[in-house]
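The structure appears below as structure tokens.
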Amino acid sequence: METSDKTGVMSVPVTSRWRALLGLLRPDGARWSGLGALLALGSVFGLIGPLIVKTLLDRAEAGTTSGALAQLAMGYLAVAVGAQLCSVVVAWFATITAWRTTNTIRMDMAAHVLGLDHEFHRTHTPGELIQRVDGDVTSVSDFLGRVVPRAVGAVLTVVGVLVVLVVVDWRLAIGAVIYLSLTVRLIVVGRHRAVSEASDEMNTYARLYGGIEERLTAAEDIRANGAGAHAVWRFVEESAAVVRSAIQRERAFLRLWWVVQSSIGAGSAVALAASGLLVARGTISIGTAFLLFQYVQLISRPLEDFVHELETVQKANGAMVRVMDLMAITAEIN
Numbered sequence: 006m007e008t009s010d011k012t013g014v015m016s017v018p019v020t021s022r023w024r025a026l027l028g029l030l031r032p033d034g035a036r037w038s039g040l041g042a043l044l045a046l047g048s049v050f051g052l053i054g055p056l057i058v059k060t061l062l063d064r065a066e067a068g069t070t071s072g073a074l075a076q077l078a079m080g081y082l083a084v085a086v087g088a089q090l091c092s093v094v095v096a097w098f099a100t101i102t103a104w105r106t107t108n109t110i111r112m113d114m115a116a117h118v119l120g121l122d123h124e125f126h127r128t129h130t131p132g133e134l135i136q137r138v139d140g141d142v143t144s145v146s147d148f149l150g151r152v153v154p155r156a157v158g159a160v161l162t163v164v165g166v167l168v169v170l171v172v173v174d175w176r177l178a179i180g181a182v183i184y185l186s187l188t189v190r191l192i193v194v195g196r197h198r199a200v201s202e203a204s205d206e207m208n209t210y211a212r213l214y215g216g217i218e219e220r221l222t223a224a225e226d227i228r229a230n231g232a233g234a235h236a237v238w239r240f241v242e243e244s245a246a247v248v249r250s251a252i253q254r255e256r257a258f259l260r261l262w263w264v265v266q267s268s269i270g271a272g273s274a275v276a277l278a279a280s281g282l283l284v285a286r287g288t289i290s291i292g293t294a295f296l297l298f299q300y301v302q303l304i305s306r307p308l309e310d311f312v313h314e315l316e317t318v319q320k321a322n323g324a325m326v327r328v329m330d331l332m333a334i335t336a337e338i339n
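Residue numbers for the sequence shown follow the numbering used here, beginning at 6 and rising by one.
Here is the structure:
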């Protein structure tokens, strides 16, 4: 359901917001598809490395010759180098593609704003519009260039880990699914709670920048009317609002960060204890125990990265609200 604020701007639903973002990605669909292929290749490298080490440990325990073990070690080194190179290429390619896409959004927004009527420009300062056209879209660019590649890579990695664990031992796969379900649930709940705080923070920044621009333009009139103290206090009040909104967003982020960190630590401890118990009972080999622990670490790493990037997700979500609100404004011809 759509709602309107005091300015008459329509707030679009979440589905419409992200459907619009996907529509903006279509012109560069080939580049985003290529990025997906690179992410899949990087995930494969990440899955193969622990499997090679597992094989090396099991063969070493079985008394395989040192020459065969050296070949496995060289294979692991080659996979590690390939994974690092793929990571660098993905980061570079994602940044270039994200900026190409968001530059198009900037041009569309600028053209839309310039086509609006005098009443709109009378009630919105140039500083506010610069913040919305450039600052909000920069938040979307950061999301596309940093969060999206990590999120897609994490999904591919998790799916690959579960497939391998099902082949090795289905009981290990069930434990991994339970761990993932609990941790992802915590992240999703925390993300939705923090989106409104991120949008409010960007609104306060827009008002602050708009006020600065307005007072600089009217500096002579302010001095002539003796309103310097009033202008300074207005700036202090708007700055305080920015600080308060930033603190509220940080509180929501830190609460989630501590919860997820505790979950990741608990999952690693449980995986280590379960591996030791299964090895002692002879259910699995030492190599399989190492594989289980490494895969838990492999799953935990993207989750931890996502928590670190949650601030970017918050800002991008709030930015998309404001971008769609601005694009929904139409000129009123009397």
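Even glycine gets a Cβ: it sits at the ideal position worked out from N, Cα and C.
- The beta-carbon distance between LEU77 and THR60, rounded to whole angstroms, is 6 Å. This is short enough to meet the 8 Å contact definition.
- THR162 sits close to LEU303, with the two beta carbons spaced by under 8 Å.
- If you draw a 10 Å sphere on the C-beta of VAL118, you find 16 or more other C-beta atoms in it, and that means buried.
- Under the 8 Å Cβ criterion, the segment 146–159 counts as touching the segment 317–325, having at least three qualifying pairs.
- Distance from the CA of LEU297 to the CA of ALA103, rounded to the nearest whole angstrom, comes to 35 Å.
- ILE289 carries a coil assignment under DSSP once its states are collapsed to helix, strand and coil.
- Rounded to whole angstroms, the separation of the alpha carbons of ILE110 and THR335 is 17 Å.
- Counting along the chain, the unbroken alpha helix (DSSP H) around GLU66 starts and ends at 34–67.
- Excluding its 5 nearest sequence neighbours in each direction, LEU308 has C-beta neighbours in its own chain below 6 Å: THR188, listed in chain order.
- Counting only runs that start and end inside the segment 246–332, the alpha helix (DSSP H) elements of at least 4 residues fall at 291–313.
- Counting C-beta pairs closer than 8 Å gives three or more between the segment 157–176 and the segment 33–50, which meets the contact rule.
- Within the model, the alpha-carbon separation for ASP310 versus LEU261 is close to 13 Å.
- Taking the Cα positions, VAL172 is about 50 Å away from MET112.
- The Cβ atoms of TYR214 and ILE101 lie no closer than 8 Å to each other.
- Counting along the chain, ALA75 sits inside the alpha helix (DSSP H) bounded by residues 71–119.
- Relative to ARG105, the option among ALA211, ARG228, GLY281, ARG36 whose CA is nearest is ARG36.
- Taking the Cα positions, ALA279 is about 29 Å away from ALA88.
- Remark: C-beta atoms of LEU30 and ALA99 do not approach each other more closely than 8 Å.
- LEU170 places its beta carbon less than 8 Å from that of ALA181.
- With contacts defined as CB atoms closer than 8 Å, SER250 and THR209 qualify as a contacting pair.
- Closest in alpha carbon position to PHE295, among GLY281, LEU221, GLY287, is GLY281.
- Judged by DSSP secondary structure, ARG127 falls within the alpha helix (DSSP H) whose first and last residues are 123–128.
- In the structure shown, GLY165 adopts helical secondary structure according to DSSP, grouped into three states.
- Note on geometry: alpha-carbon atoms of TRP175 and SER290 lie some 15 Å from one another.
- Residues of the same chain with a CB within less than 8 Å of the CB of VAL301, apart from the 5 flanking positions on each side, are ALA181, TYR184, GLY272, SER273, ALA276 in chain order.
- Around the beta-carbon of ASN230, fewer than 16 other beta-carbon atoms lie within 10 Å, marking it exposed.
- The Cβ atoms of GLY120 and TYR81 lie no closer than 8 Å to each other.
- ARG151: not part of any alpha helix (DSSP H); DSSP gives it neither H nor E.
- Between the alpha carbons of ASN322 and VAL145 lies a gap of roughly 8 Å.
- In this structure, GLU218 lies near THR130, with their beta-carbon atoms less than 8 Å apart.
- Excluding its 5 nearest sequence neighbours in each direction, MET114 has C-beta neighbours in its own chain below 6 Å: VAL138, listed in chain order.
- Counting only the Cα atoms, THR128 lies some 43 Å from VAL95.
- Around the C-beta of ILE179, fewer than 16 other C-beta atoms lie within 10 Å, and the residue is accordingly described as exposed.
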